[in-house]
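Sequential numbering from 0 applies to the sequence shown in numbering that gives the first Met the number 0.
C-beta atoms are modelled at their ideal positions from N, C-alpha and C, and glycine is treated no differently.
Model, not experiment: these values are computed from the prediction.
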Amino acid sequence: MLRIRVCHVCEGVGAGLRPCVPSPTAYEESMRKTLTHVGSLLGVWSHRAWRQPPATSAQGSLLFLVPFHVEPRNIVDDAQQERVSAEAAILNSRVHYYSRLTGSSDRLLSPPNHVIPQPEEIYIYSPLGTAFKVRSSESSSKNPSIVTIFAVWNTMMGTSILSIPWGIKQAGFTLGILILIFTGLLMLYCCYIVLHSPKSIPYVDTSNWEFPDVCRFYLGKFGQWSSLVFSMVSLIGAMVIYWVLMSNFLYNSGQFIYSESSFNCRKKVSQTFLLVHAIKSAFDVSHCFTFIHSFFHLLSGLIRCSPDLLLVGTLSVIYLIALVTVKAVHLGFHLDFHWFDRSQFYVPEFRSLFPQLTGVLTLAFFIHNCIITLMKSNRHQENNVRDLSVAYLLVGLTYLYVGVLIFAAFPSPPLSKECIEPNFLDNFPSSDIMVFVARSFLLFQMITVYPLLGYLVRVQLMGQMFGSHYPSFFHVLLLNVMVVGAGVLMAMFYPNVGSIIRYSGAICGLALVFILPSLVHVKSLRRRGLLRWPSMLFHSLLILLGFANLVAQFIM
0 MLRIRVCHVC
10 EGVGAGLRPC
20 VPSPTAYEES
30 MRKTLTHVGS
40 LLGVWSHRAW
50 RQPPATSAQG
60 SLLFLVPFHV
70 EPRNIVDDAQ
80 QERVSAEAAI
90 LNSRVHYYSR
100 LTGSSDRLLS
110 PPNHVIPQPE
120 EIYIYSPLGT
130 AFKVRSSESS
140 SKNPSIVTIF
150 AVWNTMMGTS
160 ILSIPWGIKQ
170 AGFTLGILIL
180 IFTGLLMLYC
190 CYIVLHSPKS
200 IPYVDTSNWE
210 FPDVCRFYLG
220 KFGQWSSLVF
230 SMVSLIGAMV
240 IYWVLMSNFL
250 YNSGQFIYSE
260 SSFNCRKKVS
270 QTFLLVHAIK
280 SAFDVSHCFT
290 FIHSFFHLLS
300 GLIRCSPDLL
310 LVGTLSVIYL
320 IALVTVKAVH
330 LGFHLDFHWF
340 DRSQFYVPEF
350 RSLFPQLTGV
360 LTLAFFIHNC
370 IITLMKSNRH
380 QENNVRDLSV
390 AYLLVGLTYL
400 YVGVLIFAAF
410 PSPPLSKECI
420 EPNFLDNFPS
430 SDIMVFVARS
440 FLLFQMITVY
450 PLLGYLVRVQ
460 LMGQMFGSHY
470 PSFFHVLLLN
480 VMVVGAGVLM
490 AMFYPNVGSI
500 IRYSGAICGL
510 ALVFILPSLV
520 HVKSLRRRGL
530 LRWPSMLFHS
540 LLILLGFANL
550 VAQFIM
């Protein structure tokens, strides 16, 4: 006997056809749970009076199968508690119907996903004839676009901002600006691939997936372990950089507190800065205290408007921008363009050491391992690409602003631009109160973030190797000693922050920025039959750029 099954949603008829039940999304699952919960609540007062609505026609069957919601035309009055029509009141039984089917594992008994209403269309009504709009707890916990943009900006802005002026000096002023713009666009595209990668997988619920899960789906165990290894490189590299900078900031803060005449940079550089400060009368204590008081008064107003600005990292970056602006205004610009020839006080506009800047920028624009998590909190998921682009634009403008101003304001003559340090704060004396405040901000930020980085290293490494985040006290102690020991040794024998940043950026960027996103994107296009030779050629060039960036760090 031939069995004919009819889908009441799309009215498809065929032999053995299943009703259309697309793969659920996170929103649709949350809406289904909300409807089920509402049904269990309303069942308290209407369980005895519950009855199945009539389904004498195809249209009646359709009404019977779709999830409960009150359509806008059914709202009789626009009062605070809307009165609903008799037609809308009948829909109450649907809630109870679905609540009694949730125990089954058969997907046929779930409401079709494409007819689940939007949050603004869902109402709860009582037998008294009043309707209340459902406020989704999940949507209320989401962030607007402006908060998401600044969250990405704050996460991406790290210690690399201190080395941007040094990187521009290594590449040359003009070439450095061009490389910064080009690298930012390239990193944005690779980050877009990472963000979009879970959505390109059909018939699988990827709402809780991260990029390592996507790599495992397309590349197997190789993709999973390679992403883990290079993620460890980025995290441990960040911890080493933090330890070197914390040692530097703590030492110079002690120098300021005890008023010792010791300088961070070369003695000649510090003395020249002091001379320039004295000539311009820009850095006396009264002016500094006036600026700091005005700055914190402005911040207090911003914090009252937006509690999200309470993040210490945001305050540190804002203060650094203000510090750079004040120093540049009082020192003025010192530029002289020599395109290829080096002079006594200036560097060429185009230099062969530019790969050192690309290594720094790879880490400076790196957010690929956590961008999926950050963008999940965005209230409007359809704006993810736009918000990510705006965040990258803000980060690029911030790097350009700090790098260009420090490079241009560096006093040449009497000093050469070659004296710009990998940490531009080292070019200022320890006795400068504004620089002391900046170092204190950054020191406090790093002290609070350093244990979190160590926790991430332990969770990811121990979880993959031993299946437990805390296998034993000995394992955790050994890991902590190794990580802290690496930071101590680096601070003692090679405290060059710029070089550490460029090496770690090139290594982790090779896999997490260039190779894995390109391979995942090509695999996705190939599975869908959309792979063309221009796309294949472009992403192959991306992988070659990643290799060239890494090799150049050891040659230059």
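Selection from the options that minimises the alpha carbon distance to residue i
i: residue 405; options: 356, 332, 429; result: 332
i: residue 461; options: 519, 446, 450, 477; result: 477
i: residue 362; options: 160, 145, 143, 141; result: 160
i: residue 364; options: 145, 142, 191, 539; result: 191
i: residue 413; options: 378, 535, 342; result: 342
i: residue 418; options: 153, 224, 167; result: 167
i: residue 248; options: 451, 435, 539; result: 435
i: residue 236; options: 513, 495, 350; result: 495
i: residue 255; options: 535, 142, 427, 376; result: 427
i: residue 336; options: 183, 407, 388; result: 407
i: residue 429; options: 328, 250, 382; result: 250
i: residue 220; options: 521, 463, 328; result: 463
i: residue 195; options: 521, 416, 453, 222; result: 521
i: residue 182; options: 392, 453, 534; result: 392
Where the alpha helix (DSSP H) containing residue i begins and where it ends
i: residue 525; result: 515–526
i: residue 221; result: 210–256
i: residue 480; result: 472–492
i: residue 459; result: 432–465
i: residue 331; result: Taken as a continuous stretch (DSSP letters only), residue 331 belongs to no alpha helix (DSSP H), as it is neither H nor E.
i: residue 501; result: 496–508
i: residue 468; result: Here residue 468 belongs to no alpha helix (DSSP H), and DSSP marks it neither H nor E.
i: residue 538; result: 532–554
i: residue 190; result: 172–195
i: residue 398; result: 383–408
i: residue 375; result: 370–375
Buried or exposed (CB count within 10 angstroms, at least 16 for buried), residue i
i: residue 425; result: buried
i: residue 546; result: exposed
i: residue 357; result: buried
i: residue 431; result: buried
i: residue 338; result: exposed
i: residue 539; result: exposed
i: residue 402; result: buried
i: residue 180; result: exposed
i: residue 473; result: exposed
i: residue 479; result: exposed
i: residue 467; result: exposed
i: residue 177; result: exposed
i: residue 370; result: buried
Beta carbon of residue i nearer than 8 Å to that of residue j
i: residue 214; j: residue 529; result: no
i: residue 205; j: residue 197; result: yes
i: residue 445; j: residue 174; result: no
i: residue 325; j: residue 156; result: no
i: residue 523; j: residue 541; result: no
i: residue 252; j: residue 441; result: no
i: residue 433; j: residue 147; result: no
i: residue 348; j: residue 172; result: yes
i: residue 390; j: residue 151; result: yes
i: residue 372; j: residue 209; result: yes
i: residue 345; j: residue 163; result: no
i: residue 199; j: residue 386; result: no
i: residue 557; j: residue 489; result: There is simply no residue 557 to check, as the chain begins at 0 and stops at 555 in what is shown.
i: residue 377; j: residue 142; result: yes
i: residue 509; j: residue 536; result: no
i: residue 187; j: residue 471; result: no
i: residue 483; j: residue 457; result: no
Contacts around residue i, its chain only, beta-carbon distance under 6 Å, and the 5 residues preceding and following it disregarded
i: residue 455; result: 234
i: residue 241; result: 445, 449
i: residue 165; result: 419, 421, 497
i: residue 169; result: 352, 355, 356
Cβ neighbours of residue i in the same chain (closer than 8 Å, five flanking residues each side left out)
i: residue 230; result: 211, 368, 459, 507, 511
i: residue 437; result: 315, 318, 319, 322, 424
i: residue 544; result: 185, 513
i: residue 486; result: 238, 239, 241, 242, 243
Cutoff 7 Å; reference residue i; Cβ partners in own chain excluding five residues on either side
i: residue 501; result: 355, 358, 359, 552
i: residue 439; result: 252
i: residue 504; result: 358, 359, 361, 362, 365
i: residue 400; result: 320
i: residue 411; result: 333, 344, 345
i: residue 216; result: 200
i: residue 227; result: 211, 459, 463
i: residue 409; result: 333, 416, 419
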